Each structure stands twice: as structure tokens, then as C-alpha cells.
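For the record, in the sequence shown the residue sitting at position 311 is 311 according to our numbering, with numbers rising by one throughout. Backbone N, C-alpha and C fix where the C-beta goes; we use that ideal spot for every residue, glycine too. As the structure is a computational prediction, the values presented were derived from the model and not from experiment.
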Amino acid sequence: MISQSGPQRYISDNEAYDQLPGFMASLNVKNVLFLHGTKSLAAAKPYLPEWPAEFNVTDVQFNGECSFEEIDRVKAIADENNAEMVIGLGGGKVLDTAKSVTTGTHRYLVLIPTLASNCSPWSAISVHYKENGEHIGHEIYNETANLTLLNPKVILNSPIEYFVAGIGDTLAKYYESELIFQKLPEDQYTVALTISRQMANNCREVLMKYAEQAVEDMKAGRLTPEWRQVAETVTVMAGTVGGWGDDYGRASGAHAIHDALTIFPQTAPHLHGAKVAYGILVLLAIEGKTDELKRLLPFYRTLNLPTNLADVDLADASDADIDKLAATAADPHTQMHFVPTDEPVTAEVTKQAIMTVEAITAETATATK
1 MISQSGPQRY
11 ISDNEAYDQL
21 PGFMASLNVK
31 NVLFLHGTKS
41 LAAAKPYLPE
51 WPAEFNVTDV
61 QFNGECSFEE
71 IDRVKAIADE
81 NNAEMVIGLG
91 GGKVLDTAKS
101 VTTGTHRYLV
111 LIPTLASNCS
121 PWSAISVHYK
131 ENGEHIGHEI
141 YNETANLTLL
151 NPKVILNSPI
161 EYFVAGIGDT
171 LAKYYESELI
181 FQKLPEDQYT
191 VALTISRQMA
201 NNCREVLMKY
211 AEQAVEDMKA
221 GRLTPEWRQV
231 AETVTVMAGT
241 VGGWGDDYGR
251 ASGAHAIHDA
261 LTIFPQTAPH
271 LHGAKVAYGI
281 LVLLAIEGKT
291 DELKRLLPFY
301 RTLNLPTNLA
311 DVDLADASDA
321 DIDKLAATAA
331 DPHTQMHFVP
341 TDEPVTAEVT
351 KQAIMTVEAI
361 TAETATATK
């Protein structure tokens, strides 16, 4: 087991970005590649310091997907400009691309999240997609970021749907790892695994306690302690689960459902964390935990997280479509194989779980009317 706790340096403050020029100077870098999206740069620009004259900064617009084509494009620009540091500013796909560009090189890595939608700012993982948004896989790197900067004001003013999706993605940290930890013999527990499990428990506790209030605070533009707790749980605490726990705390069944959903183009408008949230419900059905599934539904409905196929634009899915979804999620090469059930999670088991979720959500929706 390999534990990577997080970035070498982390600063969370309304003036966090002001640390950047001094950090660059302390490393004696001269050539910097700055990778960002259009919206992310517009959100962060009021807080970004001017680039000092002694630095040569190559500005690179992100193309939208953390694909191998995009990684190769940015790498070529970095090579051409002798970049000694890559700064990634934006959402998870921008940050994952920056990680993929610097891994295995001499280049320093700085990550500046502008959304609280996943744990990419903290983790040593990049998730890769095709140019059309279809999931390919992920890679775990030997390196973590040299510096991660989080400005709460920037994230507070980001689109609310990304924040809600981040809550869904982070909730999976608990539900994907808990059965693994439950089945782990006590004599195999290390301090690292104890930290990982505690952080997974904390993720669920913080979200169930504060998430609804945090969403209301964000809608009202209030930077409250509750909102900040949730935002940093999504970006920081979530990353420590897999960082300390390795395969014991990594993504499993819920993410396998997300990955399978990406093969259906109609699900593309739904964010990563929202699809993972739906995957949690399917995972609970696979594990036979339908009581817990039912307990989560009011929370999901308050936050407008997807609870069934219709909510991810698969209301018209045919039986063949559901077979395809189930078979893709249950493929032996997916993260579904991390689910420690007594019997293998086959395509048929996964399909039955999907149909169980459909039945329970229909039943509970009728009961609440």
C-alpha cells in the first residue's frame, strides 16, 4: 500500500494567490506555463497578482477535456517554451491535465481550484476522457502538487451546480470505502488506513450536517463557516481518503456506474459528481442496503441530486440500454471489482440493482406526494 497524503504546501485564504510570485521566486523558476479555462480565469482574475517582469509566462487556454490529445498538446507547448513550472487554474479537468503534463518531469506543479466539485486539487490522480467526454480511465502518479492555493471567495461565486455535484462526489468517499474497511481484518489496519477511514467518516458527517445549509449560504453569497467546511471537505478531506488509504479508500462501485453512464451521450450535461451520486444509490442496492438508500433520498431531493435514470436523461432507456449500462459498469476491468461482496458483481447483479433503485425512487416519490 502506498500513501500520498496531499500537496507539499496548501494555502486556503482570501489572499492565497498573493503567495504565488514569492513561491515562484523561491524555486528560481523563470519560464512558467499557465493553463486555464475562460470562465475560471475570469473568476480568479480579480484576485490574481500581476506576473512579475522576471517571469516568462506562457498563457494556454484549456480545450475542455483531460484527454490524451489535450495532454500532448499542452506538453508540446511546455517543451517548446522550456517551462519549469505548470500552473493549472480551474476545475478538475484542468487540474488533472496539469498533473498529467508534469508527472515524471522536472517541472513544478501548482494547482489553483476555482470550483469545489471534486478532490482533484488534493489528489495525485488524473482521470482521463476521450475528446467526446467518454471515460477512459485514471492514473495515479508518484508526485503530488508542490503548491495548492484555494481562495474561498472565488469558489463561493462559482456555479452552484458544481458545488452540489462536489457534495455527491464526496459522499461517495464514505459509501465506496466503508464496506471495504468493514471487511478488513483488524490486524491489517495501519495508521494510514485508520486515517483514511476516519476521513471517509468525516466526509459523510460534515455533508449530512452542513451541506443543505451550505448550499443555501452559497446561493445567498454568504461565506459562512458551514459553507467553508463543506467546500474544503470536497476539495481537501475527500482527497485524503484515497491519499492515505490507497486502494482501500479509492473509488469503487459508484464511480463504475458514473463511468458507464458516460457512454450515453445524453448524460453528458450531467456533472461528474452528480452521476457519481446516482452511482451511490446503485452501489447501496448491490450491497443490499436498501434502508440506507431510502434514508439518503430526502437529502438527494433537497439538493437536486439524481435519484433515477430519468434524472440523468435516461428516462427512455430501453432494456438493451440498461443491459449495456450494467455490463459496462460490471466489466472486470472497472472499479466495480473493488466492491467486496460475497459473490462477484456481475452485469445481471448490477442491472437488478439499477431496477431496484428505479422501483424504490418511484415508490418513495409517490409516497411523498
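Neighbour flag for residue i against chain D, beta carbons, 8 Å
i	result
T361	Of the protein chains in the structure, only one exists, and it is not chain D.
Residue i (DSSP reduced to helix, strand or coil)
i	result
M1	coil
G92	helix
G64	coil
Y141	coil
D321	helix
L156	helix
I263	coil
D59	strand
S126	strand
P46	helix
H337	helix
P21	helix
T240	helix
V86	strand
Cβ neighbour criterion (16 or more within 10 Å) applied to residue i
i	result
K173	buried
S196	buried
H255	buried
R107	buried
V191	exposed
K369	Confidence at K369 is low in this model, with a pLDDT of 47, below 50, so its placement is unreliable and the value that follows should be read with caution. It is exposed - the Cβ of K369 has fewer than 16 other Cβ atoms within 10 Å.
S100	buried
D319	exposed
M24	buried
A231	buried
T38	exposed
D169	buried
L325	buried
M1	exposed
E287	buried
P113	buried
L27	exposed
Cβ pair residue i, residue j closer than 8 Å
i	j	result
T356	A310	no
L193	G245	yes
H272	A165	yes
L303	T364	no
L147	Q8	yes
A330	T307	no
Y17	P49	yes
V60	M85	no
A274	T328	no
T224	C203	no
CB-CB length for residue i against residue j, believed under 8 Å
i	j	result
Y210	Q229	5 Å
E139	I125	7 Å
P152	S12	7 Å
L293	I360	6 Å
T97	E70	6 Å
T103	Y129	So it is not a contact: roughly 17 Å between Cβ atoms.
G6	T144	6 Å
E205	A214	In fact, because the Cβ distance is near 14 Å, the residues do not count as touching under 8 Å.
Worksheet item: Is the stretch 33 to 47 close to the stretch 277 to 291, with three or more CB pairs under 8 Å?
Response: No, because fewer than three Cβ pairs between the stretch 33 to 47 and the stretch 277 to 291 fall closer than 8 Å, the two stretches do not touch.
Worksheet item: Between the stretch 110 to 120 and the stretch 230 to 239, are three or more C-beta pairs nearer than 8 Å?
Response: yes
Worksheet item: Is the stretch 61 to 77 in contact with the stretch 44 to 53, if contact means three or more CB pairs nearer than 8 Å?
Response: no
Worksheet item: Three or more C-beta pairs closer than 8 Å, one from the stretch 118 to 138 and one from the stretch 207 to 220: is that the case here?
Response: no
Worksheet item: Should the stretch 89 to 96 be regarded as contacting the stretch 54 to 66, the criterion being three or more beta carbon pairs within less than 8 Å?
Response: Segments in contact, yes.
Worksheet item: Is the stretch 248 to 261 touching the stretch 175 to 184, taking contact as three or more C-beta pairs under 8 Å?
Response: Segments in contact, yes.
Practice prompt. Evaluate contact between the stretch 154 to 170 and the stretch 313 to 332, counting only Cβ atoms and requiring at least three cross-stretch pairs below 8 Å.
Written response: no
Worksheet item: Are the stretch 333 to 345 and the stretch 263 to 272 touching by the rule of at least three beta carbon pairs closer than 8 Å?
Response: no
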